[in-house]
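First to last, the protein sequences are chains R and A. For the first sequence, the numbering used here assigns the number 1 to the initial residue and increments by one for each residue that follows. For the second sequence, the numbering used here assigns the number 1001 to the initial residue and increments by one for each residue that follows.
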Amino acid sequence: MDFGVIGANIAKLWTNYWHIYILEGVAITLKLTFIAVLLGAVLGVVVAILKMSKSKIIRFLITVYIEVIRGTPLLLQLYIFYFVLPEIFPIFDFNEFTWVAIALCINSSAYVSEIFRSGIQSVDIGQTEAARSLGLSSGQTMMRIVLPQAVKNILPALGNEFIMMLKETSLASTFFIGDLMTAHLKIKGATYLMLESLVITGLIYLCMTYPLSKLVEAFERKMKNADK
Amino acid sequence: MQTNKELIKTVDLHKSFGKLHVLQGVNETVKKGEVVTVIGPSGGGKSTFLRCLNLLEVPEKGQIIFDGVDITQKGINIDLHRQKMGMVFQNFNVFPHLDVCKNITLTPVLTKKKTQAEAEDMAKELLNRVGLIDKLHEMPNKLSGGQKQRLAIVRALAMEPEVMLFDEPTSALDPEMVGEVLDVIKGLVNTGMTSVIVTHEMRFAREVSDRVLFMAEGNVMESGKPEDMFGNPQTPRFKEFLSKVL
Ligand SMILES: Nc1ncnc2c1ncn2[C@@H]1O[C@H](COP(=O)(O)OP(=O)(O)O)[C@@H](O)[C@H]1O
Ligand SMILES: [Mg+2]
């Protein structure tokens, strides 16, 4: 292996194709991640609330939902949403990107709901009892007492979920959806420079995930110090 | 200051946790202005009894009549009744994300009993009374245990309750802080506040009570005036308890 040649190839690839990596690949990867985590978070809150429902049947169904999603590979779920569901529900005339985005949202919702649930449970039950004994409703207690304290556990976990999802969206390249990994496949196909393209792609993923995980760490450190 | 008006009355109160029958038919009455202390061995059901009074624990059988209303009825808005019953916990349970002032003003404002300005005026007055006025804008993690408990008492008082329920308010405190909290409670009962106080401080119980309840094995085994209770205990179970704690 000639590292000089590889270095030169990497430079060449980057000069010729950076816009495909960044303007197409990164843009679509970020778009997918944001959609998945944001809508997944909204759905995840609903799932978390339903999981605490008084009805046993609802709790059971939600448990099944969460366990199935967390217990099967995302790739399998993507196949189902990409190939199977459009066949079963032809009335949903979504494009391929949308089916993949929905699959990622659903996947994320299961993880986010557990993040919310454990965040809420991490708050001492005495806080709820004190608030309720003062005459606050369960909703007021949740919004004013429990959630503000749960946030310091929930936010870092959501940040980590975002980082996970950012990497997991690479599975969408199975369907050539246009994300960063798809960009790599295209450029590799055009240039036959697999190793060089992989290095570039990996570095771009790192440039996104590393600062994010440092940010999460800094937030956690700040919250810990605030407790002292 | 005790009156003849029945403020809280429990009728045949039963509560179980799984197979454990913790309350076995408690019938008790607390009159307006009365100070009732509850003493007894650990595990005897004192906390459960107290927590049933504001339905933090829901009894499976029996009634709780508060101010003439059976609050165990279906469809009752318990929040409205809890606003009239203050509770102080062993572990303080102050809200760590809110400063001292906000700890006190949050509930009266949220429940629309007071405007923010009115609530703040009241918070200052109450903090003055318990010697915490210089902590108005401190966060709770800067307070000592005794200060936290005084804040918790004031937070409950800001709702202008009809009755105060104390569950071992000094048990989690370092010994040197017990006095400051007991003094606040004494001051409070001297103003005529109806109070039910679970405590292990026998001298304090003797001093402040109109009536003492001895609870063990899920029921009130003996009750009466403090001088009778401590001077002339009747049941063997109570005598045995007193011999251990005095
Ligand atoms: N939430 C609960 N779940 C199960 N058991 C409980 C619960 N709360 C209290 N108990 C049990 O009920 C009994 C009475 O408890 P408690 O009312 O706290 O007694 P006390 O306050 O007199 O020490 C104890 O045996 C205790 O372990
Ligand atoms: Mg107790």
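Where a beta carbon is used, it is the ideal one built from N, C-alpha and C, also for glycine.
For A:H1200, no alpha helix (DSSP H) encloses it, and the DSSP letter there is neither H nor E.
Burial state of A:C1052 is buried, judged by a 10 Å Cβ sphere holding 16 or more other Cβ atoms.
Closest by C-alpha distance to A:V1189, out of A:P1175, A:A1158 and A:E1207, is A:E1207. Sixteen is the threshold: when 16 or more other Cβ atoms of the shown chains lie within 10 Å of the Cβ of A:G1218, as they do, the residue is buried. For A:H1081, there is no enclosing beta strand (DSSP E); the enclosing alpha helix (DSSP H) has its first and last residue at I1078 to R1082.
In chain order, the residues with a C-beta atom nearer than 5 angstroms to some heavy atom of ligand 1 are A:F1017, A:V1022, A:S1042, A:G1043, A:G1044, A:G1045, A:K1046, A:S1047 and A:T1048.
Using a Cβ-Cβ cut-off of 9 angstroms, A:T1048 is close to nothing in chain R; its nearest Cβ partner there is about 13 angstroms away. Closer than 8 angstroms to the CB of A:H1097 there is at least one CB belonging to chain R.
For the segment 114-129 of chain R, the residues whose beta carbon sits under 7 angstroms from a beta carbon of chain A are, in order, G126, Q127 and E129. A straight-line Cα-Cα distance of about 11 angstroms links A:R1155 and A:K1124.
In this structure, the alpha-carbon of R:A36 lies about 27 angstroms from that of R:R221.
By the rule that beta-carbons nearer than 8 angstroms mark a contact, A:T1107 touches chain R. DSSP, read as helix, strand or coil, puts A:T1029 in strand. Taking a Cβ-Cβ threshold of 9 angstroms, none of the residues of chain A is close to R:G139; the smallest such distance is about 10 angstroms. Only P148 and Q149 from the segment 148-162 of chain R bring a Cβ to less than 7 angstroms from some Cβ of chain A. At a cut-off of 8 angstroms between C-beta atoms, R:I35 does not count as an interface residue with respect to chain A. In this chain, the beta strand (DSSP E) harbouring A:Q1063 covers K1061 to F1066. Going by beta carbons, R:I69 and R:A110 fall inside the 8 angstroms limit.
Judged by DSSP in its simplified three-state form, A:M1193 adopts coil rather than helix or strand.
One alpha carbon belongs to R:G126, the other to R:K167, and they sit about 39 angstroms apart.
For R:D124, the CB stays at least 7 angstroms from every heavy atom of ligand 2.
Among the bridge pairs identified by DSSP, A:I1039 is matched with A:F1214. If you check the C-beta of A:E1168 against ligand 2, you find a heavy atom less than 7 angstroms away.
Sequence-distant partners of A:C1101 (beyond 5 residues in either direction) whose C-beta falls short of 7 angstroms from its own C-beta, in its chain, are E1120, A1123, L1136 and H1137.
Straight through space, the alpha carbons of R:F94 and R:F175 are spaced by roughly 15 angstroms.
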